[in-house]
Amino acid sequence: MFHVFMEYIIDLRKGSKMDNGYIENGFIVDVSNTSKTSEIIYELSRILDLPDAQSKKVCLKLGSVDLTSAELTSIKALVESMNSEIEFISTSSTETIKSAEDLNIKVSFLENKVPTPEFNNNQAKVNNELEKALDKIFGDDTTEIKTFAQGKDIKKLKEELTSQNILTEGPATENIEKIVNIKPEAITPENQMETINKSSIDNAEETQDSSENIENELENFNNQLENANKIEGLDLEDVDFNLDNIRKSLRETEKLPTLYIQRTLRSGQSITSDGNIVIIGDANPGSEIIAKGDITVWGILGGIAHAGSAGNQYARIRALKMNAIQLRIADVFARRPDNINIPYIQKTDTFVPEEACIRKKQIIIHKIHEA
Amino acid sequence: MSGRVIVITSGKGGVGKTTTNANIGTALAKAGKKVVMIDTDLGLRNLDLLLGLENRIVYTIVDVVEERCKLKQALVKDKKNPNLCLLAAAQTRDKSAVTQEQLKDICEQLQKDFDFILVDCPAGIEQGFQNAVAGASEAIVVTTPEMSAVRDADRIIGLLEAKEEIKSYKLLINRVRPNLIKSNDMMSVDDVVEILSADLIGIIPEDTGIITSTNKGEPIVNDEKSLAGKAYNNVARRIIGEDVPFLNLEEPQGVMAKIKKFFSGLTGKEK
């Protein structure tokens, strides 16, 4: 498992050379979840192998592992072999501190001083919502979980918006709770079966039909996306969905540090960050991106993306091509429709940048405007 | 209620463990049994894909053992059949994330609520295999009529016999091609059974429908017409305890097959 925690602002116990606590030309490697020296070395060599990680100052977050001075020397040698140097280490083990002092390595506290935006950070509440979301997924008959931008829901949503005057003052979270929970016409097992039966390929003769079906599905999907697009416009211009709050919250994610990754995320790889994540490359199915802020993928997003993992309802997920298996923003889940077969979609060359965000407790996807 | 825990294993990779698991599980559920499938192939999970449940997974087996969620929450219900559940493996972790005791514990908990617990075993004989076998009392060894797969199955049977918990094991021969057996280019089912000297529970013919069913995330037992689907259905019935005769795999499968046979007969490829 690959973890790079970017915590730019740190606190040094004594004698800081660094301005305002920033490490110039350096980064922090968090290996505090490892329990063995071999694991630390494995993780370190993996991280330091990245071209971006070379010739930098490295701060090691070690956790509670007891390291002898010999072991620490080998770690130091490993870091130096990658043209980097250890700036300081952070550990909770007294033995490691002792051996670090022998080797003249600075020991320091690492304190995350990134200002935590005032999100819906109440963990109990988040958990509660999570439970609810899970009940929806695992509920018996009607799956209420929102699949990506379904046309019918959007129409309903629109009606809801025009008929009900939902504009009340106060914090956005409160508003959302006041809004009547619209039950989308979820994919029930019955009509799902229908679509599957329709598109089932048994013989070579039927292949033609099924590919047509897939095209139809794609068209539907695109239509739905366009519908979603409309409501986006409606929201911003006519309804003013607590615009001030949205803007304020968007600025909050702007303040967060951003982890910038220039490679393809493959199946099984997982990136977690306390800030925003930008990936230049694809995120393949089976990968996982979890950020407290926004997630932007300059490529095809095919895995799981969780933005606003600490509860920020205004976090967004953007991708040049949105094929995600699951999208999660704060405590809202959405999954890919079952009737869309992704290998067929990935064949197309057209890239339409899309953005997912929460509207009325549901995740919708819309095209990104120039504005 | 105390459910039967059956591990589906093979030693060699690519012989169809996961396909077998998905199909037997679906067939058992269709027969009205309560079934849960556990994917223990941490880091290389596939069972969810075959069942088309990938987009529904929120919690995995690792979340259960690390107590981030309750066991019940992690069970993903099948799209069609409410009797069928999946406990998915974590894709971002490796085999060491779960121990034998933890898996045993999970199996014991699930036994209370389900008739059948099917454990999908990873390839190999290392920790992943040891974990998967830990909670099981029965085993199905999947093999293909190839020397390498039979050799690995033999090794696996040896390991299973050494385990006290495994009360019985059955052999399932997958991807059988009657035409090749006829022309002596493939080991016959009898050969395999003789080498491994184990009870046979099923013979599954090679079927191109498996590929499309895998891509669609729809087990082939749902396809009434498919021969492989029928064979898997029969395996499920044998597991329940019915006495079902083995399918005659050599029966002609339609006009196209006959024409093909005719032409291959002309060119002499069959001989």
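Note that the protein sequences, when read in sequence, are chains A and W. Take 9 as the starting number for the first sequence in the numbering used here and just add one per residue. Take 42 as the starting number for the second sequence in the numbering used here and just add one per residue. Idealized CB from N, CA, C, for every residue including glycine. Note that the structure is predicted; figures quoted are calculated from it, not measured.
Minimum C-alpha distance to residue i - residue among the options
i         : options                                   : result
SER100(A) : LEU75(A), ILE288(A), ASP110(A)            : LEU75(A)
LYS75(W)  : GLY55(W), PHE155(W), VAL56(W)             : PHE155(W)
GLU167(W) : ASP89(W), ASP232(W), SER137(W)            : SER137(W)
LEU290(W) : ASN62(W), ILE280(W), ALA70(W), PRO219(W)  : PRO219(W)
ALA115(W) : MET78(W), THR133(W), GLN141(W)            : MET78(W)
SER77(A)  : VAL87(A), GLU109(A), VAL305(A)            : GLU109(A)
GLY73(W)  : PRO123(W), ILE207(W), ASP248(W)           : PRO123(W)
PHE157(W) : GLY165(W), LYS53(W), CYS148(W)            : CYS148(W)
LYS58(W)  : VAL234(W), ARG216(W), GLY199(W), ASN96(W) : ARG216(W)
ASN331(A) : SER92(A), GLY310(A), ALA315(A), ARG324(A) : GLY310(A)
TRP306(A) : SER295(A), ILE312(A), ARG326(A)           : ARG326(A)
GLN370(A) : GLY289(A), LYS106(A), ARG343(A)           : ARG343(A)
LEU94(W)  : ASN256(W), GLY282(W), ILE280(W)           : ASN256(W)
Cβ-Cβ distance between residue i and residue j below 8 Å
i         : j         : result
ILE102(W) : VAL117(W) : no
CYS365(A) : ILE372(A) : yes
LEU68(A)  : SER98(A)  : yes
ASP89(W)  : ASP80(W)  : yes
SER278(A) : LYS300(A) : no
ALA272(W) : VAL56(W)  : no
LEU112(W) : GLN150(W) : yes
PRO293(A) : SER317(A) : no
ASN320(A) : ALA291(A) : no
THR50(W)  : ALA180(W) : yes
LEU288(W) : ILE242(W) : no
PRO260(W) : ILE214(W) : no
GLY258(W) : LEU92(W)  : yes
VAL87(A)  : LEU111(A) : no
ILE197(W) : ALA177(W) : no
Per-residue DSSP class, three states only, for residue i
i         : result
CYS110(W) : coil
GLN270(A) : coil
ALA72(W)  : coil
GLY57(W)  : coil
SER92(A)  : coil
LEU290(W) : coil
MET188(W) : helix
PHE155(W) : coil
ASP80(W)  : strand
SER229(W) : coil
LEU86(A)  : helix
LYS64(A)  : coil
SER209(W) : strand
PHE359(A) : coil
ARG45(W)  : strand
ARG324(A) : coil
ILE371(A) : strand
ALA194(W) : helix
GLY301(A) : coil
LYS118(W) : strand
Environment of residue i [buried if 16+ CB atoms lie within 10 Å]
i         : result
VAL285(W) : exposed
ALA85(A)  : exposed
VAL276(W) : buried
MET188(W) : exposed
PHE35(A)  : buried
GLU262(A) : exposed
VAL262(W) : buried
SER72(A)  : exposed
PHE359(A) : exposed
TYR322(A) : buried
GLN62(A)  : exposed
ASN62(W)  : buried
ASP388(W) : Shown here, chain W extends from 42 to 312; a query on residue 388(W) therefore has no answer.
GLN270(A) : exposed
ARG109(W) : exposed
ALA212(A) : Residue confidence is low: ALA212(A) scores 36 on pLDDT, short of 50, so the model does not pin down where it sits. No coordinate-derived value is stated.
MET227(W) : buried
Neighbour flag for residue i against chain B, beta carbons, 8 Å
i        : result
ASP74(A) : The structure shown has no chain B; the protein chains it does contain are A and W.
Give the residues from the segment 129-158 of chain W that approach chain A closer than 7 Å (Cβ to any Cβ), ordered along the chain.
Hits within the stretch, in order: GLN132, THR133, ARG134.
Which residues, in order along the segment 254-288 of chain A, keep a beta-carbon less than 8 Å from a beta-carbon of chain W?
Per Cβ criterion, the list reads SER275, GLY276, GLN277, SER278.
Chain A contacts from the segment 88-120 of chain W (Cβ-Cβ distance under 7 Å):
Shown in chain order are the members of the segment 88-120 of chain W whose Cβ falls below 7 Å from a Cβ of chain A: GLY93, GLU95, ASN96, ARG97, VAL99, GLN114, LYS118, LYS120.
Under 9 Å, CB to CB, which of the residues in the segment 286-319 of chain A have a partner in chain W?
The residues in question are PRO293, GLY294, SER295, GLU296, GLY311, ILE312.
Closer than 9 Å, Cβ to any Cβ of chain A: which residues of the segment 58-85 of chain W, in chain order?
So the close ones are GLY84, LEU85.
Give the residues from the segment 32-61 of chain A that approach chain W closer than 7 Å (Cβ to any Cβ), ordered along the chain.
If you check each beta-carbon in the segment 32-61 of chain A against every beta-carbon of chain W, none falls closer than 7 Å.
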